[in-house]
Amino acid sequence: MRPASVTSVDEPYVKLQRALKADIDPNAWASRYSPVSHPFPKPSRGRIAVKVIDHFGDEVLKVYDT
3 MRPASVTSVD EPYVKLQRAL KADIDPNAWA SRYSPVSHPF PKPSRGRIAV KVIDHFGDEV
63 LKVYDT
């Protein structure tokens with residue numbers, strides 16, 4: 003599973019880096035910092051789960067049948 007897009011308010015990867023206790027490459031982050039999802043191939047069967055977590059830590063999960 004990989005994130006399709008990630009956004010935040012101010013210095014978004016700083017808080018994530020602190021929470022994960024890991025280094026985050028700013029160039030890699032720049033490719034994910036967008037309100038537009040990255041395309042991915044539709045699975046031939048099964049379901050797709052979309053999880054959104056805002057900068058406050060609130061989560062929403064929606065599962066779609068393919």
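Residue numbers (this note's numbering): 3 to 68. Glycine residues also receive a C-beta, built at the ideal position from the N, C-alpha and C atoms.
When DSSP reads this structure, Lys53 sits in a beta bridge with Leu63. The residues Val65, Tyr66, Asp67, Thr68, in chain order, have a CB closer than 7 angstroms to that of Arg49 in the same chain once the five nearest residues on each side in sequence are set aside. In the three-state reduction of the DSSP assignment, Arg47 falls in the coil class. Secondary structure at Lys23: coil, using DSSP grouped into helix, strand and coil.
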